[in-house]
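Asks:
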Amino acid sequence: MLSCIIREGDNAVLDINNSHKMFVTVKPGSKVKIGKAMCSLEPLIGQYYGIQFALAADGQTLEFKRPKMERDDGTQKDEWHANGTMDKNNSELLDRGDAHQNLKPADIEAMREAGMGGEAIVEALLANSETYESKTQFAQAKYRKRKADKYMAQATLVRPTARSVAEAYFAKSPQKIQGLRADSLALLLSLANIGSHARVLVIETCGGLVTGAVAERLGGSGLVVSGYTGLRAPSLDIVRQFNFPASSKASMVTAPINALLQCGQPAPAEIPVSAPPESNAAAAEAGAEDTKQDTPMADAGAEQAAEALTPAQEGDAAVPVAGTTTAKAEPVSNGTTGAAEGGVAQTVAESRSGHDATSSSTRDLPDIVQQTCRQGFSCCILAAPQVQPLALLRKVLPLLAPSAAFAVFANCLQPLADCMLALQVSKEAVALQLQESWWREHQVLPGRTHPEMMVSATGGYILTGYKVVTPA
1 MLSCIIREGD NAVLDINNSH KMFVTVKPGS KVKIGKAMCS LEPLIGQYYG IQFALAADGQ
61 TLEFKRPKME RDDGTQKDEW HANGTMDKNN SELLDRGDAH QNLKPADIEA MREAGMGGEA
121 IVEALLANSE TYESKTQFAQ AKYRKRKADK YMAQATLVRP TARSVAEAYF AKSPQKIQGL
181 RADSLALLLS LANIGSHARV LVIETCGGLV TGAVAERLGG SGLVVSGYTG LRAPSLDIVR
241 QFNFPASSKA SMVTAPINAL LQCGQPAPAE IPVSAPPESN AAAAEAGAED TKQDTPMADA
301 GAEQAAEALT PAQEGDAAVP VAGTTTAKAE PVSNGTTGAA EGGVAQTVAE SRSGHDATSS
361 STRDLPDIVQ QTCRQGFSCC ILAAPQVQPL ALLRKVLPLL APSAAFAVFA NCLQPLADCM
421 LALQVSKEAV ALQLQESWWR EHQVLPGRTH PEMMVSATGG YILTGYKVVT PA
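Now the structure itself:
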(Lines of atoms letter the chains of each structure in order from A and count residues from 1; the text may use other names and numbers.)
(Lines give C-alpha, C1' and ligand atoms only; values in the text may rest on other atoms or scores of the structure.)
Protein backbone atom coordinates (compact mmCIF):
# COMPACT_ATOMS: atom_id res chain seq x y z
CA MET A 1 0.00 0.00 0.00
CA LEU A 2 1.28 3.44 -0.90
CA SER A 3 2.29 5.64 2.00
CA CYS A 4 0.52 8.94 2.65
CA ILE A 5 3.65 10.44 4.22
CA ILE A 6 6.37 12.12 2.19
CA ARG A 7 9.59 10.12 2.56
CA GLU A 8 13.14 10.99 1.64
CA GLY A 9 13.85 10.14 -1.99
CA ASP A 10 10.20 10.12 -3.08
CA ASN A 11 9.17 11.55 -6.43
CA ALA A 12 6.25 13.96 -6.33
CA VAL A 13 4.38 16.58 -8.34
CA LEU A 14 4.87 20.09 -6.99
CA ASP A 15 1.84 22.28 -7.70
CA ILE A 16 2.57 26.01 -7.36
CA ASN A 17 -0.50 28.25 -7.07
CA ASN A 18 -2.62 25.66 -8.91
CA SER A 19 -1.13 26.87 -12.19
CA HIS A 20 2.41 25.54 -12.53
CA LYS A 21 3.37 21.90 -11.98
CA MET A 22 6.78 20.28 -11.91
CA PHE A 23 8.33 16.97 -10.92
CA VAL A 24 10.66 17.00 -7.92
CA THR A 25 12.60 14.49 -5.85
CA VAL A 26 12.34 15.18 -2.12
CA LYS A 27 15.85 15.17 -0.67
CA PRO A 28 17.49 17.16 2.13
CA GLY A 29 19.73 19.09 -0.26
CA SER A 30 17.27 19.62 -3.11
CA LYS A 31 15.92 23.10 -3.81
CA VAL A 32 13.18 24.36 -6.05
CA LYS A 33 12.25 27.82 -7.31
CA ILE A 34 8.96 29.05 -5.91
CA GLY A 35 8.14 32.54 -7.00
CA LYS A 36 11.46 34.38 -6.97
CA ALA A 37 13.05 32.41 -4.14
CA MET A 38 14.97 29.12 -4.05
CA CYS A 39 13.42 27.02 -1.30
CA SER A 40 14.62 23.78 0.25
CA LEU A 41 12.33 20.76 0.22
CA GLU A 42 13.72 19.35 3.46
CA PRO A 43 10.85 20.71 5.65
CA LEU A 44 8.42 18.63 3.55
CA ILE A 45 9.93 15.29 4.61
CA GLY A 46 7.63 13.57 7.09
CA GLN A 47 4.58 15.65 6.14
CA TYR A 48 1.45 14.37 4.41
CA TYR A 49 0.78 14.59 0.70
CA GLY A 50 -1.70 17.30 -0.23
CA ILE A 51 -0.69 19.73 2.53
CA GLN A 52 -0.34 23.30 1.34
CA PHE A 53 2.82 25.23 2.11
CA ALA A 54 3.59 28.91 1.73
CA LEU A 55 6.68 31.07 1.86
CA ALA A 56 7.52 32.32 5.32
CA ALA A 57 8.13 35.97 6.13
CA ASP A 58 11.82 35.61 5.30
CA GLY A 59 10.90 34.56 1.76
CA GLN A 60 13.30 31.60 1.76
CA THR A 61 11.67 28.77 3.73
CA LEU A 62 8.40 26.88 3.43
CA GLU A 63 5.95 26.70 6.29
CA PHE A 64 2.68 24.86 6.78
CA LYS A 65 -0.39 26.87 5.88
CA ARG A 66 -3.58 26.06 7.77
CA PRO A 67 -6.46 25.57 5.32
CA LYS A 68 -9.29 28.05 5.74
CA MET A 69 -12.69 26.68 6.49
CA GLU A 70 -15.94 28.03 5.08
CA ARG A 71 -16.44 31.78 5.82
CA ASP A 72 -13.06 31.98 7.53
CA ASP A 73 -12.15 34.87 5.24
CA GLY A 74 -15.07 36.96 6.42
CA THR A 75 -17.09 36.75 3.20
CA GLN A 76 -20.79 35.99 3.37
CA LYS A 77 -22.83 33.94 0.99
CA ASP A 78 -24.98 35.84 -1.47
CA GLU A 79 -28.61 36.04 -0.37
CA TRP A 80 -31.16 34.98 -2.98
CA HIS A 81 -34.73 36.31 -3.06
CA ALA A 82 -37.84 34.40 -4.07
CA ASN A 83 -37.92 36.11 -7.47
CA GLY A 84 -34.40 34.81 -8.30
CA THR A 85 -32.46 38.04 -7.68
CA MET A 86 -29.60 38.82 -5.31
CA ASP A 87 -28.80 41.74 -3.08
CA LYS A 88 -25.40 42.13 -4.79
CA ASN A 89 -24.48 42.16 -8.45
CA ASN A 90 -21.59 43.39 -10.57
CA SER A 91 -23.64 45.31 -13.12
CA GLU A 92 -22.66 48.73 -11.75
CA LEU A 93 -18.93 47.98 -11.28
CA LEU A 94 -16.60 49.85 -13.63
CA ASP A 95 -13.02 48.72 -14.09
CA ARG A 96 -10.86 51.82 -13.69
CA GLY A 97 -7.61 50.00 -13.04
CA ASP A 98 -5.88 50.99 -9.81
CA ALA A 99 -8.27 53.87 -9.14
CA HIS A 100 -10.31 51.64 -6.81
CA GLN A 101 -7.20 50.64 -4.83
CA ASN A 102 -5.93 53.02 -2.18
CA LEU A 103 -2.79 50.97 -1.52
CA LYS A 104 -0.04 52.10 -3.87
CA PRO A 105 2.95 50.02 -5.14
CA ALA A 106 5.29 52.03 -2.91
CA ASP A 107 3.24 51.07 0.13
CA ILE A 108 3.38 47.39 -0.85
CA GLU A 109 7.15 47.55 -1.24
CA ALA A 110 7.45 49.17 2.18
CA MET A 111 5.40 46.35 3.69
CA ARG A 112 7.75 43.80 2.13
CA GLU A 113 10.79 45.58 3.50
CA ALA A 114 9.16 45.59 6.92
CA GLY A 115 9.04 41.76 6.80
CA MET A 116 5.32 41.31 6.20
CA GLY A 117 4.33 38.12 4.42
CA GLY A 118 2.23 37.70 1.33
CA GLU A 119 -0.94 36.90 3.26
CA ALA A 120 -0.75 40.18 5.17
CA ILE A 121 -0.25 42.08 1.92
CA VAL A 122 -3.29 40.40 0.36
CA GLU A 123 -5.46 41.27 3.37
CA ALA A 124 -4.28 44.88 3.16
CA LEU A 125 -5.20 45.00 -0.52
CA LEU A 126 -8.68 43.69 0.21
CA ALA A 127 -9.20 46.18 3.03
CA ASN A 128 -8.12 49.12 0.87
CA SER A 129 -10.26 48.19 -2.14
CA GLU A 130 -13.27 50.46 -2.63
CA THR A 131 -15.30 47.91 -4.64
CA TYR A 132 -14.49 44.65 -2.81
CA GLU A 133 -17.47 44.77 -0.46
CA SER A 134 -19.96 45.52 -3.23
CA LYS A 135 -18.89 42.50 -5.29
CA THR A 136 -20.66 39.17 -5.23
CA GLN A 137 -19.14 36.24 -3.38
CA PHE A 138 -17.91 34.69 -6.61
CA ALA A 139 -16.29 37.96 -7.73
CA GLN A 140 -14.66 38.37 -4.30
CA ALA A 141 -13.18 34.88 -4.52
CA LYS A 142 -11.78 35.60 -7.98
CA TYR A 143 -10.28 38.90 -6.80
CA ARG A 144 -8.71 37.26 -3.75
CA LYS A 145 -7.23 34.44 -5.83
CA ARG A 146 -5.77 36.86 -8.36
CA LYS A 147 -4.01 38.87 -5.65
CA ALA A 148 -2.89 35.71 -3.83
CA ASP A 149 -1.27 34.32 -6.99
CA LYS A 150 0.65 37.57 -7.37
CA TYR A 151 1.83 38.19 -3.83
CA MET A 152 1.63 34.75 -2.19
CA ALA A 153 3.64 31.72 -3.35
CA GLN A 154 1.76 28.60 -2.28
CA ALA A 155 2.97 25.08 -3.03
CA THR A 156 1.30 21.70 -2.66
CA LEU A 157 3.14 18.39 -2.94
CA VAL A 158 0.88 15.94 -4.78
CA ARG A 159 1.38 12.19 -4.82
CA PRO A 160 2.38 10.95 -8.32
CA THR A 161 -0.72 9.08 -9.44
CA ALA A 162 -1.84 8.36 -12.99
CA ARG A 163 -4.05 11.45 -12.97
CA SER A 164 -1.54 13.89 -11.45
CA VAL A 165 1.29 12.68 -13.71
CA ALA A 166 -0.90 12.86 -16.82
CA GLU A 167 -2.11 16.35 -15.97
CA ALA A 168 1.41 17.58 -15.27
CA TYR A 169 2.79 16.25 -18.56
CA PHE A 170 -0.22 17.43 -20.56
CA ALA A 171 0.17 20.97 -19.19
CA LYS A 172 3.95 21.11 -19.63
CA SER A 173 4.87 18.95 -22.64
CA PRO A 174 1.92 17.06 -24.17
CA GLN A 175 4.02 15.84 -27.09
CA LYS A 176 5.88 13.46 -24.77
CA ILE A 177 2.65 11.58 -23.99
CA GLN A 178 1.18 11.87 -27.51
CA GLY A 179 -1.48 14.32 -26.28
CA LEU A 180 -3.03 11.70 -23.99
CA ARG A 181 -5.25 13.58 -21.57
CA ALA A 182 -6.12 12.35 -18.09
CA ASP A 183 -9.74 11.59 -19.05
CA SER A 184 -8.63 9.65 -22.13
CA LEU A 185 -6.25 7.63 -19.98
CA ALA A 186 -9.07 6.84 -17.57
CA LEU A 187 -11.25 5.71 -20.48
CA LEU A 188 -8.48 3.44 -21.75
CA LEU A 189 -8.14 1.75 -18.36
CA SER A 190 -11.87 1.34 -17.94
CA LEU A 191 -12.77 0.18 -21.46
CA ALA A 192 -9.84 -2.26 -21.58
CA ASN A 193 -11.18 -3.91 -18.40
CA ILE A 194 -8.01 -3.30 -16.40
CA GLY A 195 -8.37 -4.73 -12.93
CA SER A 196 -6.66 -6.75 -10.26
CA HIS A 197 -5.03 -10.04 -11.35
CA ALA A 198 -5.35 -9.10 -15.03
CA ARG A 199 -2.74 -10.06 -17.63
CA VAL A 200 -2.28 -6.90 -19.66
CA LEU A 201 -0.38 -6.33 -22.90
CA VAL A 202 0.57 -2.68 -23.47
CA ILE A 203 2.14 -1.21 -26.60
CA GLU A 204 2.70 2.51 -26.25
CA THR A 205 4.82 5.45 -27.28
CA CYS A 206 3.65 7.72 -24.45
CA GLY A 207 6.87 7.52 -22.45
CA GLY A 208 5.56 4.90 -20.03
CA LEU A 209 2.47 6.77 -18.85
CA VAL A 210 0.08 3.99 -19.88
CA THR A 211 2.31 1.27 -18.43
CA GLY A 212 2.56 3.11 -15.13
CA ALA A 213 -1.19 3.71 -15.02
CA VAL A 214 -1.90 0.02 -15.64
CA ALA A 215 0.60 -1.04 -12.97
CA GLU A 216 -1.02 1.38 -10.53
CA ARG A 217 -4.46 -0.05 -11.28
CA LEU A 218 -3.23 -3.63 -10.76
CA GLY A 219 -1.57 -2.80 -7.45
CA GLY A 220 1.05 -5.53 -7.77
CA SER A 221 -1.53 -8.27 -8.44
CA GLY A 222 -1.26 -9.22 -12.08
CA LEU A 223 1.12 -8.86 -15.00
CA VAL A 224 1.96 -5.91 -17.28
CA VAL A 225 3.97 -6.69 -20.42
CA SER A 226 5.17 -3.63 -22.33
CA GLY A 227 5.73 -4.86 -25.87
CA TYR A 228 7.43 -3.21 -28.82
CA THR A 229 7.79 -4.02 -32.51
CA GLY A 230 11.11 -2.42 -33.45
CA LEU A 231 14.67 -3.29 -32.61
CA ARG A 232 14.72 -0.99 -29.59
CA ALA A 233 12.23 -0.67 -26.79
CA PRO A 234 10.59 2.78 -26.47
CA SER A 235 11.38 4.99 -23.53
CA LEU A 236 9.47 4.29 -20.31
CA ASP A 237 11.00 7.03 -18.17
CA ILE A 238 7.64 8.22 -16.84
CA VAL A 239 7.29 4.96 -14.90
CA ARG A 240 10.09 6.20 -12.65
CA GLN A 241 7.92 9.10 -11.49
CA PHE A 242 5.58 6.64 -9.73
CA ASN A 243 6.68 5.58 -6.27
CA PHE A 244 5.92 1.94 -6.96
CA PRO A 245 6.64 -0.68 -4.31
CA ALA A 246 8.65 -3.79 -5.10
CA SER A 247 5.55 -5.85 -5.90
CA SER A 248 4.42 -3.42 -8.62
CA LYS A 249 7.91 -3.21 -10.11
CA ALA A 250 8.10 -7.01 -10.27
CA SER A 251 4.83 -7.16 -12.23
CA MET A 252 6.18 -5.07 -15.15
CA VAL A 253 8.08 -6.78 -17.97
CA THR A 254 9.37 -5.42 -21.30
CA ALA A 255 9.57 -7.82 -24.25
CA PRO A 256 9.55 -7.69 -28.08
CA ILE A 257 6.35 -8.74 -29.79
CA ASN A 258 8.19 -11.27 -32.00
CA ALA A 259 9.45 -13.13 -28.94
CA LEU A 260 5.94 -13.16 -27.46
CA LEU A 261 4.48 -14.52 -30.71
CA GLN A 262 7.15 -17.20 -30.95
CA CYS A 263 6.57 -18.16 -27.34
CA GLY A 264 2.88 -18.75 -28.02
CA GLN A 265 3.56 -21.01 -31.02
CA PRO A 266 4.68 -24.65 -30.89
CA ALA A 267 8.33 -25.32 -31.72
CA PRO A 268 8.93 -26.36 -35.38
CA ALA A 269 9.62 -30.05 -35.95
CA GLU A 270 13.11 -31.23 -36.83
CA ILE A 271 13.68 -31.88 -40.53
CA PRO A 272 14.86 -35.48 -41.19
CA VAL A 273 17.96 -35.87 -43.37
CA SER A 274 17.81 -39.08 -45.41
CA ALA A 275 21.28 -39.02 -46.97
CA PRO A 276 24.53 -38.96 -44.93
CA PRO A 277 27.01 -36.11 -45.44
CA GLU A 278 29.28 -38.36 -47.57
CA SER A 279 26.58 -38.79 -50.20
CA ASN A 280 25.99 -35.10 -50.80
CA ALA A 281 27.73 -35.19 -54.17
CA ALA A 282 25.67 -38.11 -55.45
CA ALA A 283 22.49 -36.49 -54.27
CA ALA A 284 23.46 -33.28 -56.00
CA GLU A 285 24.06 -35.11 -59.31
CA ALA A 286 20.72 -36.90 -59.00
CA GLY A 287 19.00 -33.62 -58.30
CA ALA A 288 20.66 -32.07 -61.36
CA GLU A 289 19.39 -34.82 -63.62
CA ASP A 290 15.86 -34.45 -62.22
CA THR A 291 15.76 -30.72 -62.69
CA LYS A 292 16.75 -31.05 -66.36
CA GLN A 293 13.30 -32.46 -67.06
CA ASP A 294 11.70 -29.13 -65.98
CA THR A 295 8.34 -30.68 -65.09
CA PRO A 296 5.60 -28.67 -63.33
CA MET A 297 5.39 -31.32 -60.60
CA ALA A 298 9.06 -30.80 -59.73
CA ASP A 299 8.59 -27.05 -59.50
CA ALA A 300 5.55 -27.47 -57.25
CA GLY A 301 7.44 -29.86 -55.00
CA ALA A 302 10.35 -27.43 -54.65
CA GLU A 303 7.99 -24.59 -53.73
CA GLN A 304 6.23 -26.72 -51.13
CA ALA A 305 9.57 -27.75 -49.63
CA ALA A 306 10.73 -24.16 -49.44
CA GLU A 307 7.47 -23.13 -47.73
CA ALA A 308 7.75 -25.99 -45.26
CA LEU A 309 11.37 -25.20 -44.37
CA THR A 310 10.98 -21.43 -44.11
CA PRO A 311 9.50 -20.24 -40.80
CA ALA A 312 6.41 -18.04 -40.83
CA GLN A 313 7.44 -14.47 -41.49
CA GLU A 314 4.13 -12.85 -40.65
CA GLY A 315 5.04 -12.38 -37.01
CA ASP A 316 8.49 -11.01 -37.86
CA ALA A 317 7.25 -8.48 -40.40
CA ALA A 318 7.71 -4.87 -39.42
CA VAL A 319 4.54 -3.01 -38.54
CA PRO A 320 4.02 -0.16 -41.03
CA VAL A 321 4.10 3.36 -39.68
CA ALA A 322 1.14 5.57 -40.43
CA GLY A 323 1.73 7.51 -43.63
CA THR A 324 4.30 5.08 -45.04
CA THR A 325 4.21 1.84 -46.98
CA THR A 326 5.91 -1.48 -46.38
CA ALA A 327 8.04 -2.99 -49.14
CA LYS A 328 6.91 -6.39 -50.41
CA ALA A 329 9.30 -9.33 -50.41
CA GLU A 330 10.57 -10.40 -53.85
CA PRO A 331 10.00 -14.06 -54.81
CA VAL A 332 13.06 -16.32 -55.04
CA SER A 333 13.75 -17.71 -58.50
CA ASN A 334 14.65 -21.38 -58.87
CA GLY A 335 15.40 -21.27 -62.57
CA THR A 336 18.82 -22.97 -62.47
CA THR A 337 20.01 -26.23 -61.03
CA GLY A 338 22.58 -24.65 -58.74
CA ALA A 339 20.03 -22.23 -57.31
CA ALA A 340 17.62 -25.06 -56.64
CA GLU A 341 20.29 -27.12 -54.89
CA GLY A 342 21.69 -24.31 -52.78
CA GLY A 343 18.26 -22.80 -52.16
CA VAL A 344 16.96 -25.63 -50.00
CA ALA A 345 20.23 -26.00 -48.10
CA GLN A 346 20.37 -22.26 -47.39
CA THR A 347 16.74 -22.26 -46.30
CA VAL A 348 17.42 -25.07 -43.84
CA ALA A 349 20.39 -23.23 -42.35
CA GLU A 350 18.50 -19.93 -42.10
CA SER A 351 15.53 -21.72 -40.55
CA ARG A 352 17.67 -23.33 -37.88
CA SER A 353 19.69 -20.21 -37.12
CA GLY A 354 16.56 -18.05 -36.95
CA HIS A 355 14.86 -20.58 -34.70
CA ASP A 356 17.88 -20.67 -32.38
CA ALA A 357 18.00 -16.88 -32.14
CA THR A 358 14.30 -16.62 -31.43
CA SER A 359 14.46 -19.49 -28.95
CA SER A 360 17.26 -17.75 -27.04
CA SER A 361 15.21 -14.55 -26.80
CA THR A 362 12.17 -16.60 -25.80
CA ARG A 363 14.11 -18.38 -23.08
CA ASP A 364 15.00 -15.00 -21.59
CA LEU A 365 11.34 -14.30 -20.84
CA PRO A 366 10.11 -15.08 -17.31
CA ASP A 367 8.07 -18.22 -16.85
CA ILE A 368 4.91 -16.28 -16.06
CA VAL A 369 5.23 -14.37 -19.35
CA GLN A 370 5.72 -17.59 -21.33
CA GLN A 371 2.71 -19.13 -19.64
CA THR A 372 0.64 -16.02 -20.37
CA CYS A 373 1.66 -16.09 -24.03
CA ARG A 374 0.38 -19.65 -24.32
CA GLN A 375 -2.86 -18.93 -22.44
CA GLY A 376 -3.42 -15.45 -23.90
CA PHE A 377 -3.56 -11.97 -22.40
CA SER A 378 -6.85 -10.92 -20.85
CA CYS A 379 -6.50 -7.19 -21.70
CA CYS A 380 -4.69 -5.10 -24.28
CA ILE A 381 -4.04 -1.36 -24.69
CA LEU A 382 -2.48 0.09 -27.82
CA ALA A 383 -1.38 3.72 -27.48
CA ALA A 384 1.00 4.26 -30.40
CA PRO A 385 -0.59 6.90 -32.67
CA GLN A 386 2.31 6.85 -35.18
CA VAL A 387 1.69 3.18 -36.02
CA GLN A 388 -1.20 2.06 -38.22
CA PRO A 389 -3.80 0.70 -35.77
CA LEU A 390 -5.06 -2.11 -38.02
CA ALA A 391 -1.60 -3.57 -38.69
CA LEU A 392 -0.60 -3.33 -35.05
CA LEU A 393 -3.87 -4.81 -33.77
CA ARG A 394 -3.74 -7.76 -36.14
CA LYS A 395 -0.18 -8.41 -35.05
CA VAL A 396 -1.14 -8.69 -31.38
CA LEU A 397 -4.54 -10.38 -31.75
CA PRO A 398 -2.96 -13.88 -31.71
CA LEU A 399 -1.56 -13.06 -28.27
CA LEU A 400 -4.98 -12.29 -26.79
CA ALA A 401 -7.24 -14.84 -25.17
CA PRO A 402 -10.79 -15.31 -26.47
CA SER A 403 -13.14 -12.59 -25.17
CA ALA A 404 -10.17 -10.40 -24.25
CA ALA A 405 -10.91 -6.67 -24.22
CA PHE A 406 -8.73 -4.27 -26.19
CA ALA A 407 -8.59 -0.48 -26.48
CA VAL A 408 -6.73 1.47 -29.17
CA PHE A 409 -5.88 5.17 -28.79
CA ALA A 410 -5.15 7.53 -31.68
CA ASN A 411 -5.10 11.27 -32.24
CA CYS A 412 -6.94 11.02 -35.58
CA LEU A 413 -10.32 9.49 -36.36
CA GLN A 414 -9.81 7.99 -39.82
CA PRO A 415 -7.20 5.30 -38.97
CA LEU A 416 -9.44 3.95 -36.23
CA ALA A 417 -12.48 4.07 -38.52
CA ASP A 418 -10.64 1.98 -41.12
CA CYS A 419 -9.55 -0.44 -38.41
CA MET A 420 -13.11 -0.76 -37.12
CA LEU A 421 -14.47 -1.48 -40.62
CA ALA A 422 -11.82 -4.13 -41.28
CA LEU A 423 -12.55 -5.89 -37.99
CA GLN A 424 -16.27 -5.86 -38.71
CA VAL A 425 -15.75 -7.42 -42.13
CA SER A 426 -13.32 -10.08 -40.91
CA LYS A 427 -15.41 -10.78 -37.80
CA GLU A 428 -12.30 -10.86 -35.62
CA ALA A 429 -13.91 -8.78 -32.87
CA VAL A 430 -17.35 -7.91 -31.56
CA ALA A 431 -18.89 -5.00 -29.64
CA LEU A 432 -16.72 -2.51 -31.53
CA GLN A 433 -17.17 1.09 -30.44
CA LEU A 434 -15.39 4.22 -31.61
CA GLN A 435 -15.71 7.25 -29.37
CA GLU A 436 -14.11 10.59 -28.64
CA SER A 437 -13.33 11.72 -25.12
CA TRP A 438 -14.56 15.16 -24.10
CA TRP A 439 -13.66 16.95 -20.91
CA ARG A 440 -14.71 20.45 -19.90
CA GLU A 441 -14.71 21.93 -16.44
CA HIS A 442 -17.72 23.90 -15.21
CA GLN A 443 -18.12 26.30 -12.33
CA VAL A 444 -21.42 25.39 -10.72
CA LEU A 445 -22.77 27.94 -8.27
CA PRO A 446 -26.26 28.59 -6.89
CA GLY A 447 -28.41 29.97 -9.67
CA ARG A 448 -25.73 29.92 -12.40
CA THR A 449 -23.35 27.58 -14.23
CA HIS A 450 -20.28 28.84 -16.05
CA PRO A 451 -18.22 26.57 -18.33
CA GLU A 452 -14.51 27.13 -18.82
CA MET A 453 -13.71 28.86 -22.09
CA MET A 454 -10.05 27.80 -22.46
CA VAL A 455 -10.08 24.02 -22.94
CA SER A 456 -8.31 21.55 -25.22
CA ALA A 457 -10.10 20.82 -28.47
CA THR A 458 -10.04 17.04 -28.26
CA GLY A 459 -8.63 14.28 -26.11
CA GLY A 460 -8.17 11.79 -28.94
CA TYR A 461 -10.21 8.84 -30.15
CA ILE A 462 -10.53 5.35 -28.68
CA LEU A 463 -11.57 2.13 -30.43
CA THR A 464 -12.67 -0.72 -28.16
CA GLY A 465 -13.85 -4.27 -28.70
CA TYR A 466 -13.57 -7.91 -27.69
CA LYS A 467 -11.65 -10.59 -29.53
CA VAL A 468 -13.58 -13.56 -30.85
CA VAL A 469 -12.39 -16.84 -32.35
CA THR A 470 -14.17 -17.79 -35.54
CA PRO A 471 -15.05 -21.48 -35.97
CA ALA A 472 -12.78 -23.41 -38.29
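Numbering (my numbering), first residue to last: 1 to 472. For each residue, glycine too, the CB sits at the ideal point set by N, CA and C. All values reported here derive from a predicted model rather than from experimental measurement.
For G222, which three-state DSSP category applies?
Replies: The sequence position of residue 222 within the sequence shown is 222, counting from 1. Correct three-state label for G222: strand.
Asks: According to DSSP, is T35 part of a helix, a strand, or is it coil?
Replies: Looking up residue 35 in the sequence shown gives position 35. Going by the sequence as given, residue 35 is Gly instead of Thr. Coil at G35, not helix or strand.
Asks: Which parts of the region 393-434 are runs of the beta strand (DSSP E), unbroken and 3 residues or longer, counting only runs that do not cross its ends?
Replies: Counting whole runs of 3 or more residues, the region 393-434 contains the beta strand (DSSP E) stretches 400-410.
Asks: Would you decide whether T470 is buried or exposed? Buried here means 16 or more other CB atoms lie within 10 Å of its CB.
Replies: Position 470 of the sequence shown, counted from the first residue, corresponds to residue 470. Exposed, by the Cβ-count rule.
Asks: Between which two residues does the alpha helix (DSSP H) carrying R374 extend?
Replies: Sequence index remark: in the sequence shown, residue 374 carries index 374 (1-based). Start and end: D367 to Q375.
Asks: Tell me which residues share the same chain as L399 and place their Cβ nearer than 7 Å to its Cβ, disregarding the 5 neighbours each side in the sequence.
Replies: Here residue 399 refers to the residue found at position 399 when the sequence shown is read from its first residue. Here the set comprises L201, L260, L261, G264, C373, G376 and F377.
Asks: Going by the beta-carbon positions, is the gap between A215 and A162 smaller than 7 Å?
Replies: Looking up residue 215 in the sequence shown gives position 215. Looking up residue 162 in the sequence shown gives position 162. No. Outside cutoff.
Asks: Grouping DSSP H, G and I as helix and E and B as strand, with all else coil, what is S378?
Replies: As a working mapping, residue 378 is identified with position 378 in the sequence shown. Strand, per DSSP.
Asks: Please return the same chain residues whose Cβ sits closer than 6 Å to the Cβ of S40, not counting the five positions on each side in sequence.
Replies: Here residue 40 is taken as the residue at index 40 of the sequence shown, counted from 1. Cβ within range, chain order: K31.
Asks: Just verifying my parser: in three-state terms, what is the DSSP assignment at A383?
Replies: Position 383 of the sequence shown holds residue 383. Strand at A383.
Asks: What span of residues does the beta strand (DSSP E) with F170 cover, start to end?
Replies: Mapped onto the sequence shown, residue 170 falls at position 170. Careful: F170 lies outside any beta strand (DSSP E), inside the alpha helix (DSSP H) at A162 to K172.
Asks: Taking 7 Å as the threshold (C-beta atoms), are I238 and G207 in contact?
Replies: Working through the sequence shown from its first residue, we reach residue 207 at position 207. Working through the sequence shown from its first residue, we reach residue 238 at position 238. Yes, Cβ-Cβ distance for G207 and I238 is below 7 Å.
Asks: If you reduce the DSSP assignment to three classes, tell me which class A12 lands in.
Replies: Along the sequence shown, one-based indexing puts residue 12 at 12. Here A12 sits in strand by DSSP.
Asks: In terms of DSSP beta bridges, what is D158 paired with?
Replies: Residue mapping note: residue 158 aligns to position 158 of the sequence shown, counting from 1. Note that residue 158 is Val in the sequence shown, not Asp. V13.
Asks: Going by the beta-carbon positions, is the gap between D10 and N193 smaller than 7 Å?
Replies: On the sequence shown, position 10 is the one that residue 10 refers to. On the sequence shown, position 193 is the one that residue 193 refers to. Contact flag unset, no.
Asks: Identify the continuous alpha helix (DSSP H) that holds R440 and give its terminal residues.
Replies: Start at 1 with the first residue of the sequence shown, and residue 440 comes out as number 440. Note, R440: premise wrong, no alpha helix (DSSP H); not H, not E.
Asks: Which value, in whole angstroms, describes the spacing of the CA atoms of I462 and A233?
Replies: For the purposes of this step, residue 462 is identified with residue 462 of the sequence shown, where counting begins at 1. For the purposes of this step, residue 233 is identified with residue 233 of the sequence shown, where counting begins at 1. Distance between the alpha carbons of I462 and A233 is about 24 Å.
Asks: Return the CA-CA distance between F23 and V225, expressed in angstroms with no decimal places.
Replies: Within the sequence shown, numbered from 1, the residue matching residue 23 stands at position 23. Within the sequence shown, numbered from 1, the residue matching residue 225 stands at position 225. Cα to Cα, F23 sits roughly 26 Å from V225.
Asks: When you compare only the Cα positions, how much space is there between D418 and R199?
Replies: If you number the sequence shown from 1, residue 418 lands on position 418. If you number the sequence shown from 1, residue 199 lands on position 199. For D418 and R199, the distance between alpha carbons rounds to 28 Å.
Asks: Could you have a look at K150 and say whether DSSP puts it in helix, strand or coil?
Replies: Against the sequence shown, residue 150 aligns to sequence position 150. Helix at K150.
Asks: Could you check if F409 is buried or exposed, using at least 16 other CB atoms within 10 Å of its CB as the buried criterion?
Replies: Within the sequence shown, the letter at position 409 stands for residue 409. Counting Cβ neighbours within 10 Å, F409 comes out buried, since at least 16 surround it.
Asks: Indicate whether the contact test is met: 3 or more Cβ pairs, each with one atom in the region 176-189 and one in the region 140-152, closer than 8 Å.
Replies: As far as the Cβ criterion goes, the region 176-189 does not touch the region 140-152, which means the pair count is below three.
Asks: So for M111, helix, strand or coil by DSSP?
Replies: Reading the sequence shown from its first residue, position 111 is the one you call residue 111. DSSP places M111 in helix when its eight states are reduced to three.
Asks: What's the gap between the Cα of L416 and the Cα of N18?
Replies: The residue you call residue 416 lines up with position 416 of the sequence shown. The residue you call residue 18 lines up with position 18 of the sequence shown. Each residue's Cα considered, the two are about 36 Å apart.
Asks: Report the three-state DSSP secondary structure of S19 (helix, strand or coil).
Replies: Looking up residue 19 in the sequence shown gives position 19. Here S19 sits in coil by DSSP.
Asks: For Y48, count the other beta carbons within 10 Å of its own beta carbon; 16 or more makes it buried, fewer makes it exposed. Which is it?
Replies: Looking up residue 48 in the sequence shown gives position 48. Exposed.
Asks: Please tell me whether V13 and V158 are closer than 7 Å, where the distance is taken between their beta carbons.
Replies: The residue you call residue 13 lines up with position 13 of the sequence shown. The residue you call residue 158 lines up with position 158 of the sequence shown. Yes, the pair counts as a contact, with Cβ atoms nearer than the cut-off.
Asks: Could you pull the start and end residues of the beta strand (DSSP E) that V239 belongs to?
Replies: Walking along the sequence shown from the start, residue 239 turns up at place 239. No beta strand (DSSP E) holds V239; DSSP gives it neither H nor E.
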